[in-house]
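Converting from the sequence shown to my numbering requires adding 26 to each position, the first position being numbered 1. Even glycine gets a Cβ: it sits at the ideal position worked out from N, Cα and C. Just so it is clear, the structure is predicted and the values come from calculations on it, not from any experiment.
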Amino acid sequence: MKKIHVKKSTVRKFRRAGKQIKRSARFAAQSAGRGLYLGFRSLSRTLMRLPVKTIWIGVGAISTALVLVIVLALALPGRAPATANADAAEPWSISAMADPAADAPNIMETAGGENGGNDALPAADVPDTQTLDTPEVQTRSEGEPTAADAAVTDGAIDMTAFKELSEGDDDPLVSEIQARLMELGYMDSDEPTEHYGPLTKKSVKAFQAHNGLNSDGVCGLTTYTLLVSDNAKVYVMQSGDEGEDVESVQQRLYELGYITSKSNVTGTFGEKTDEAVKEFQKANKLTNDGKVGDKTIETLFSEDAVGKCFRIGDKDDTIKSVQKRLKKLGYYKGDATGEYTKTTASAVKKFQAINGLVVDGQLGPSTKDAILSNDAQAYVMQLGDSGSDVEKVQKQLAKLNYMRSANATGYFGEKTEDAVKAFQTRNKLHSDGKVGSGTYSALFSSSAKKAKSTSTGGSSSGSGSSGSGSSGSSGNSGSGSSGSSGNSGSSDSKGIEKMIDIAESKLGCSYVSGAKGPNNFDCSGFVYYCLRQSGVSVSYMTSIGWRTTSKFKRISSLKDCKRGDILVFSGTTMAKGHVGIYLGDGKMIDAGSSEGCVRITKTVLSGKYWPSHFLMAYRVF
Numbered sequence: 027m028k029k030i031h032v033k034k035s036t037v038r039k040f041r042r043a044g045k046q047i048k049r050s051a052r053f054a055a056q057s058a059g060r061g062l063y064l065g066f067r068s069l070s071r072t073l074m075r076l077p078v079k080t081i082w083i084g085v086g087a088i089s090t091a092l093v094l095v096i097v098l099a100l101a102l103p104g105r106a107p108a109t110a111n112a113d114a115a116e117p118w119s120i121s122a123m124a125d126p127a128a129d130a131p132n133i134m135e136t137a138g139g140e141n142g143g144n145d146a147l148p149a150a151d152v153p154d155t156q157t158l159d160t161p162e163v164q165t166r167s168e169g170e171p172t173a174a175d176a177a178v179t180d181g182a183i184d185m186t187a188f189k190e191l192s193e194g195d196d197d198p199l200v201s202e203i204q205a206r207l208m209e210l211g212y213m214d215s216d217e218p219t220e221h222y223g224p225l226t227k228k229s230v231k232a233f234q235a236h237n238g239l240n241s242d243g244v245c246g247l248t249t250y251t252l253l254v255s256d257n258a259k260v261y262v263m264q265s266g267d268e269g270e271d272v273e274s275v276q277q278r279l280y281e282l283g284y285i286t287s288k289s290n291v292t293g294t295f296g297e298k299t300d301e302a303v304k305e306f307q308k309a310n311k312l313t314n315d316g317k318v319g320d321k322t323i324e325t326l327f328s329e330d331a332v333g334k335c336f337r338i339g340d341k342d343d344t345i346k347s348v349q350k351r352l353k354k355l356g357y358y359k360g361d362a363t364g365e366y367t368k369t370t371a372s373a374v375k376k377f378q379a380i381n382g383l384v385v386d387g388q389l390g391p392s393t394k395d396a397i398l399s400n401d402a403q404a405y406v407m408q409l410g411d412s413g414s415d416v417e418k419v420q421k422q423l424a425k426l427n428y429m430r431s432a433n434a435t436g437y438f439g440e441k442t443e444d445a446v447k448a449f450q451t452r453n454k455l456h457s458d459g460k461v462g463s464g465t466y467s468a469l470f471s472s473s474a475k476k477a478k479s480t481s482t483g484g485s486s487s488g489s490g491s492s493g494s495g496s497s498g499s500s501g502n503s504g505s506g507s508s509g510s511s512g513n514s515g516s517s518d519s520k521g522i523e524k525m526i527d528i529a530e531s532k533l534g535c536s537y538v539s540g541a542k543g544p545n546n547f548d549c550s551g552f553v554y555y556c557l558r559q560s561g562v563s564v565s566y567m568t569s570i571g572w573r574t575t576s577k578f579k580r581i582s583s584l585k586d587c588k589r590g591d592i593l594v595f596s597g598t599t600m601a602k603g604h605v606g607i608y609l610g611d612g613k614m615i616d617a618g619s620s621e622g623c624v625r626i627t628k629t630v631l632s633g634k635y636w637p638s639h640f641l642m643a644y645r646v647f
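Next comes the structure, spelled out in structure tokens:
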């Protein structure tokens, strides 16, 4: 005979049943009490109508009978009273189930571990209210209940054999496992599925390693019991961990100067990474334990991260070299003094935004190398940019009748892009819709040509001016946008369709935490990649960072979302999140952890998970 632990979810079911029984018992007691009250009231009224002599005769008879019963009970021999513990072994009473202490078994009392993917059943005894003597457990055959099923027979729990789950399995219990892994941080937030895929295996393996179990990626009874217990450890990246997510953290530490050599970005969390994390945590006023949890991750990838880099007021020959290079690329207009000023930091931010780096103004090794490299992109104003420089360009375009003055908002949108293309075509420049040094100089020169009078750019918000004055000649140089606009006639639709085309070309690509493309992504990395590839100037933001951005128009209701909007969701807690691209008709394309790849989700409006986790959306185009 072996003893097995009953599933915690089953215990919760019986607790709920116990509560229901209590409510029923309370109702029955109230009904019985009212019945007794009415009975006694009726009896008292009847007695009041009887003669006094008759009442006294009745009381005397009852008293005599009671005395007689007491005398006989004391005089006659009988059995000794049963001890209080006579029935202590009765399993799974309702009171035990209703007691919060009668919870899932303590994992520390289990014997053995998980070897070769087979979870050993607990050998150590636990209180009888949590165990059930059963014959030898048999494996589950086809047609039997699923891994978590249990039945109730005559007040006792008859639990079937627990079927271990591994890669490739499909079972309702998998969604519960994934949800718990997401809650603990071993999987990124997503809608759980019933499929045990490669990423689920990887996450289970990480959970096992961090909780002292044999890390084989198979969810057996021991793993599952610990996973759903209060003793399960929350995921934190730490020494000994390996993978792409570790590499992503190392890369960011390198960008901020805490890891000084690119050769140390290996994907293995070793001693140097541990030291770098501790140094970063100390500088950013976090608990410096060398472990990368949620707070460390969010701070690490935020614009406010304090780096081990040059600071305002620092002087160095390296700064002078960087200033010269930034000036040549069009980001910096001051003198190369070698002092790191606010103007220099602003130029560094512009460079980071255009070159796909985290925009923090920190001149770390990664940013410095990018600035001095031959691959550095020169400064251009383009789709997605904002600021006083953009507003200045827009006002000049309006003055030349390429767009309305009312659209000079300081945000570089589709209308501004079309107006720039029209200007470039009219003035015989390369028509790419971006304002580089050549376009900028031509725009503000005395020889700049106004839009053709037939265009009347002011009356068509810039879109019409480009359509009349340059659509014929710019159709070949608009990076395919002319063809896209033929489908909808709206300038905004060009950018939307281009972004979605890029997104759909990545369907099936693997989900990797921290990855930003071109063939591996996490949810925020996927959105970032698609926006950048479609020409939108945007810096990398995590799913948490998307919640507070002011760069794009915010949409507060899911029903108001349109094709191309960026959807932002919470996770199992508000400390976790998810982002995706809305396709319309209740569909979203995103990189999902539960399926382990870029996929299209069709339940954004109709399902239970996504509507309940929706926070906001952003309209980029």
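query, result
"Look at CYS549 and VAL605 and say whether their C-beta atoms are less than 7 Å apart.", "yes"
"Could you tell me the distance, in whole angstroms, from the CA atom of ALA529 to the CA atom of PRO224?", "22 Å"
"Applying the criterion that 16 or more other CB atoms from any shown protein chain within 10 Å of the CB defines a buried residue, is PHE306 buried or exposed?", "buried"
"Does THR363 come out as helix, strand or coil in the three-state DSSP assignment?", "coil"
"Given this structure, state the Cα-to-Cα distance separating GLY231 from SER241, to the nearest angstrom.", "The displayed chain sequence assigns Lys, not Gly, to residue 231. Going by the C-alpha atoms only, they are around 5 Å apart."
"Starting from ASN546, follow its DSSP beta bridges and name the residues at the other end.", "SER536"
"For GLU190 and ILE526, what's the separation of their Cα atoms in angstroms?", "40 Å"
"Taking just the CA atoms, how far does TYR554 sit from SER638?", "24 Å"
"Rounding to the nearest angstrom, what Cα-Cα distance links ASP444 and VAL461 in this structure?", "12 Å"
"Can you have a look at HIS236 and say buried or exposed, based on whether 16 or more other CB atoms are within 10 angstroms of its CB?", "buried"
"How long is the line joining the alpha carbons of THR313 and ALA331, rounded to whole angstroms?", "15 Å"
"Do you know offhand how far LYS317's Cα is from LYS542's?", "23 Å"
"Below 8 Å, how does it come out for the segment 563-570 and the segment 376-386: are there three or more Cβ pairs, yes or no?", "yes"
"Starting from the C-beta of ALA474, find all residues in its chain whose C-beta is less than 7 Å away, skip the five residues before and the five after it, and write them out in chain order.", "LEU426, ASN453 and ALA468"
"Going by beta carbon distance, what residues of the same chain come within less than 7 Å of ASP342, once the five residues before and after it are set aside?", "PHE336 and GLY364"
"Taking just the CA atoms, how far does GLY410 sit from GLN204?", "36 Å"
"Pull up the distance between the alpha-carbon of THR574 and that of SER582, whole angstroms please.", "13 Å"
"Can you grab the Cα-Cα spacing for the pair VAL260 / MET208, in whole Å?", "10 Å"
"First and last residue of the beta strand (DSSP E) that includes ALA643?", "640-645"
"For a minimum of 4 consecutive residues, which ranges assigned as the alpha helix (DSSP H) are wholly contained in the segment 312-377?", "320-326 and 343-355"
"Count the other CB atoms, across all protein chains shown, that sit within 10 Å of the CB of PHE470; report buried if there are 16 or more and exposed otherwise.", "exposed"
"Check this for me: beta carbons of SER620 and THR344, under 7 Å apart or not?", "no"
"Check whether the segment 611-620 and the segment 628-638 are in contact - that is, three or more C-beta pairs closer than 8 Å.", "yes"
"Straight-line CA distance for LEU282 to SER472?", "44 Å"
"Hey, LEU355 and TYR405: beta-carbon distance below 7 Å or not?", "yes"
"Considering only residues of the segment 414-487, which uninterrupted alpha helix (DSSP H) runs meet the minimum length of 4 residues and lie entirely inside it, listed in chain order?", "414-425, 440-452 and 463-469"
"Give the range of the beta strand (DSSP E) segment to which SER664 is assigned.", "Since the first and last residues shown for the chain are 27 and 647, residue 664 lies out of range."
"What are the start and end residues of the beta strand (DSSP E) that includes LYS579?", "579-581"
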